[in-house]
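Q: Heads up: the sequence shown begins at 1 in the numbering used here, then just goes up one per residue.
Just so you know, even glycine gets a beta-carbon here, dropped at the ideal spot from N, CA and C.
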Amino acid sequence: MRLWRSVVGKLWMTILLLVSFVLFILTILLLEFFQNYHVDEVKDELEKTATKIATVMEGHEDINLGLEIAREIADAPVGLTIVANNGEYYSEDSSADMLKEEIESDEELKNVREKQDSVSKELTLKENTTTSNRYENIMVIGKPITFSDGEKGAVYIYQSLEAIKNTTHSTTNLILLAAGIAIILTTIFAFFLSTRITAPLRKMREAAFEVARGKFDTKVPILTNDEIGELATAFNQMGKQLMFNINALSQEKEQLSSILSSMADGVMTFNRDGTILITNPPAERFLQHWYYEQGAISKEPVPTAVKELLEGVINSEYEQTGEITLQGRSYVLIVSPLYNDKNVRGAVVVVRDMTEERRLDKLRKDFIANVSHELRTPISMLQGYSEAIVDDIAGTEEEKKEIAKIIYDESLRMGRLVNDLLDLARMEAGHISLNKENVVLQSFVERVTNKFHGIAKDKNIQLSFHHESNIADKVIRIDPDRMEQVLTNLIDNALRHTPEKGFVHVNIIPFSHSYRINISDSGSGIPEEDLPFVFERFYKADKARTRGKSGTGLGLAIAKNIIEAHKGTISVQSKIDHGTTFSIKLPNETT
Numbered sequence: 001m002r003l004w005r006s007v008v009g010k011l012w013m014t015i016l017l018l019v020s021f022v023l024f025i026l027t028i029l030l031l032e033f034f035q036n037y038h039v040d041e042v043k044d045e046l047e048k049t050a051t052k053i054a055t056v057m058e059g060h061e062d063i064n065l066g067l068e069i070a071r072e073i074a075d076a077p078v079g080l081t082i083v084a085n086n087g088e089y090y091s092e093d094s095s096a097d098m099l100k101e102e103i104e105s106d107e108e109l110k111n112v113r114e115k116q117d118s119v120s121k122e123l124t125l126k127e128n129t130t131t132s133n134r135y136e137n138i139m140v141i142g143k144p145i146t147f148s149d150g151e152k153g154a155v156y157i158y159q160s161l162e163a164i165k166n167t168t169h170s171t172t173n174l175i176l177l178a179a180g181i182a183i184i185l186t187t188i189f190a191f192f193l194s195t196r197i198t199a200p201l202r203k204m205r206e207a208a209f210e211v212a213r214g215k216f217d218t219k220v221p222i223l224t225n226d227e228i229g230e231l232a233t234a235f236n237q238m239g240k241q242l243m244f245n246i247n248a249l250s251q252e253k254e255q256l257s258s259i260l261s262s263m264a265d266g267v268m269t270f271n272r273d274g275t276i277l278i279t280n281p282p283a284e285r286f287l288q289h290w291y292y293e294q295g296a297i298s299k300e301p302v303p304t305a306v307k308e309l310l311e312g313v314i315n316s317e318y319e320q321t322g323e324i325t326l327q328g329r330s331y332v333l334i335v336s337p338l339y340n341d342k343n344v345r346g347a348v349v350v351v352r353d354m355t356e357e358r359r360l361d362k363l364r365k366d367f368i369a370n371v372s373h374e375l376r377t378p379i380s381m382l383q384g385y386s387e388a389i390v391d392d393i394a395g396t397e398e399e400k401k402e403i404a405k406i407i408y409d410e411s412l413r414m415g416r417l418v419n420d421l422l423d424l425a426r427m428e429a430g431h432i433s434l435n436k437e438n439v440v441l442q443s444f445v446e447r448v449t450n451k452f453h454g455i456a457k458d459k460n461i462q463l464s465f466h467h468e469s470n471i472a473d474k475v476i477r478i479d480p481d482r483m484e485q486v487l488t489n490l491i492d493n494a495l496r497h498t499p500e501k502g503f504v505h506v507n508i509i510p511f512s513h514s515y516r517i518n519i520s521d522s523g524s525g526i527p528e529e530d531l532p533f534v535f536e537r538f539y540k541a542d543k544a545r546t547r548g549k550s551g552t553g554l555g556l557a558i559a560k561n562i563i564e565a566h567k568g569t570i571s572v573q574s575k576i577d578h579g580t581t582f583s584i585k586l587p588n589e590t591t
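#1: Looking only at its own chain, which residues have a Cβ that is under 7 Å from the Cβ of residue 378, when we skip the five neighbours before and after it?
#2: When the Cα of residue 336 is compared with those of 330, 272, 328, which residue comes out closest?
#3: Per DSSP, which residues does residue 139 bridge with? Please list them.
#4: Determine the extent of the beta strand (DSSP E) in which residue 346 is found, giving its start and end residues.
#5: Strictly by DSSP, which residues pair up with residue 585?
#6: Taking the C-alpha atoms as reference points, what is the distance between residue 324 and residue 557?
#7: Mind reading off the beta-carbon distance from residue 175 to residue 157? Whole number of angstroms is fine, and I expect it under 8 Å.
#8: Checking the sheet assignment: what are the DSSP bridge partners for residue 336?
#9: Which word fits residue 237, buried or exposed, when buried means at least 16 other C-beta atoms lie within 10 angstroms of its C-beta?
#10: Using only the alpha-carbon positions, how far apart do residue 505 and residue 467 sit?
#11: Round the Cβ separation of residue 333 and residue 309 to the nearest angstrom and send it over; I've been treating them as touching at under 8 Å.
#12: Once DSSP output is grouped into helix, strand and coil, what is the label at residue 598?
#13: Rounded to the nearest angstrom, how far is the Cβ of residue 500 from that of residue 461, given a contact under 8 Å?
#14: With distances taken Cα to Cα, identify the nearest neighbour of residue 304 among 316, 287, 513.
#15: With 16 as the cutoff for other CB atoms within 10 Å, does residue 200 come out buried or exposed?
#16: For residue 449, report the span of its alpha helix (DSSP H) as first-last.
#17: Given residue 53, which residues of its chain have a CB within under 6 Å of its CB, disregarding the five upstream and five downstream residues?
#18: From residue 455 to residue 419, what does the alpha carbon distance come to, in whole angstroms?
#19: Can you give the beta carbon distance from residue 486 to residue 559, rounded, assuming they're within the 8 Å contact cut?
#20: In this structure, does DSSP put residue 15 in helix, strand or coil?
#21: Indicate the three-state DSSP secondary structure (helix, strand or coil) for residue 524 in the structure shown.
#22: State yes or no: is the C-beta of residue 442 within less than 9 Å of the C-beta of residue 491?
#23: Who are the near neighbours of residue 542 in its chain, counting only those whose CB is closer than 6 Å to its CB and skipping five residues on each side?
#24: Of the choices 214, 232, 463, whose alpha-carbon is the least far from that of residue 202?
#25: Checking 9 Å against the spacing of the C-beta atoms, do residue 19 and residue 139 come in under that value?
#26: Within a Cβ cutoff of 6 Å, which residues of the same chain sit near residue 22, ignoring the five residues on either side of it in sequence?
#27: Report the residue from 121, 172, 319 whose alpha carbon sits nearest the alpha carbon of residue 24.
#28: Taking its Cβ as the centre, do 16 or more other Cβ atoms sit within 10 Å of residue 449, making it buried, or is it exposed?
#29: Output the distance between the C-alpha atoms of residue 261 and residue 252, rounded to the nearest integer angstrom.
#30: Roughly how many whole angstroms lie between the Cα atoms of residue 375 and residue 362?
#31: Could you tell me how far apart the beta carbons of residue 268 and residue 349 are, in whole angstroms, since I believe they sit closer than 8 Å?
#32: What did DSSP end up calling residue 192 once you bin it into helix, strand or coil?
#33: Taking the alpha carbon of residue 359 as the reference point, which residue from 183, 256, 533, 122 has its own alpha carbon closest?
#34: Residues in its own chain within less than 6 Å of residue 312 by CB, not counting five upstream and five downstream?
#35: Whose C-alpha, out of 208, 153, 392, 204, is nearest the C-alpha of residue 222?
#36: Can you list, in chain order, the residues of its chain with a C-beta nearer than 7 Å to that of residue 119? Leave out the 5 residues immediately preceding and following it.
So this is what it looks like as structure tokens:
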């Protein structure tokens, strides 16, 4: 069945049916032609012979003599019968009796002597024998004659059509044989021709399937210089151009994918019904935050704000903007229409995470408020005590000295605040300079710790230093002044926030490529919600996070910048009423 559905089968059957139809029509016409041709030839010959015999019979008074001459004219196998006006038949043919019966039974032949023209008929004679009944077809020509005595008669000349029948049968067999041979040859030729014509097409079909599988470098062999060869050339050029276009599209897709993946903003594209088509990693994180926050409550694939903005863009065909907050993060949504010819086919949504900008804006506002708060108190005290001196309120020298000392202390406090702010600003701007040296870590940390033994003893706090035995002589490359500033700040904070009979432990833990310094205390601890903010500027200045101790709140922010400049990290762990632990991790650098 597959052969008949193929081009070879269809072309083969088309040629075969066309040739068979032509041969069939030609065979029918030839058979009809040959059959009529022989009968017409016999009829014409019999009419000519009948005319000659009629002339002879009319020219002789003696019927018998005329009949003998007529016999000479009508050679075998032509039969001859002459009928006189009185109904007498003259014939020596054995079939004359049967012919006489047919003539008598046929009105047209019987009355031929009364007419002017000859009459032709095809008759079937039945010959009865003892063994079988045989039928014979004959052609009879009746020709009217006028005898010399004026009597009218007729000449009946006839000939058997069996020979013609046999000839026609033989001719038919020959024609059918020739038609059969022609069909066989046509079948072979058609199959060969269709196979030869379709061979390049099969090659192109195989090549087309290879191209469909992604093998765009597939070539079709060019076997001919005709239209099929030109088609193969065009196919090869098409494959080459297609491969070029696919490579260009792949490069464009990879480039677009790289751009989308590397973008800090989330990008999502939607069609008109709100189906998501493309997302990049930031957009996927945005959607994950949405799914996590909604849980099983909402079945919406995107936030309601995004859906409303998308509907607004599709209806108005103008860009829409909005904001949404998920998981404590602020996002700005920018929705722009995508066009297909003149219609909006969808929209692209840019999701911009503005959390850091909002946080920095808040920090800026808090910074101004905190600086104003920190400076307002000493400035007020300076102004008040200065006015007291100007107005000569202090009556004694002791009071004047006390006021002058307060003014001096407040000015020092303002100086420390301004210096800390300048140091922090330089550090955050990346202008911090480190004077690194090779320092024995154990002796360096122990020395800094020992500075606070007096303060710890006065407050009845246990201050201890611990280290592993294998780091006694270990050297690390750091800026000793900056690191001493960090350790001093952390130990001082620990002592100030630890009650009496508490403890402060300083511990060094070695690792394969780093050292960790832990400063632990048994103080009141830091609330969990305040832990993310301890390294910010003016941490203590925010009343929501203060523990009622003195200080500017810039020490931990400065410490963090110094540690990060050493390519290290600083972290904090704390629980309310269980104490706090600050951990410093420094890389093991010695050169």
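A: According to the structure data:
#1: 410, 413, 414
#2: That would be 272, whose Cα lies nearest to the Cα of residue 336.
#3: 122, 159
#4: 343-353
#5: 516, 569
#6: The straight-line gap from Cα to Cα measures roughly 31 Å.
#7: Wrong, their Cβ atoms sit about 31 Å apart, outside the cutoff.
#8: 348
#9: exposed
#10: 11 Å
#11: 6 Å
#12: The requested residue 598 does not occur in the structure, where the chain is confined to residues 1 to 591.
#13: 7 Å
#14: Of the candidates 316, 287, 513, the one whose C-alpha sits nearest the C-alpha of residue 304 is 287.
#15: buried
#16: 441-450
#17: 70, 73, 155
#18: 25 Å
#19: 4 Å
#20: helix
#21: coil
#22: no
#23: Because the pLDDT at residue 542 is just 41, under 50, the model does not fix this residue reliably, and the value given afterwards should be weighed accordingly. Result list for residue 542: empty, nothing under 6 Å.
#24: 232
#25: no
#26: none
#27: 172
#28: buried
#29: 14 Å
#30: 20 Å
#31: The pair is a contact, with the Cβ atoms about 5 Å apart (cut-off 8 Å).
#32: helix
#33: From the listed residues 183, 256, 533, 122, the smallest Cα separation to residue 359 is found for 533.
#34: 320
#35: 204
#36: 108, 109, 112, 142
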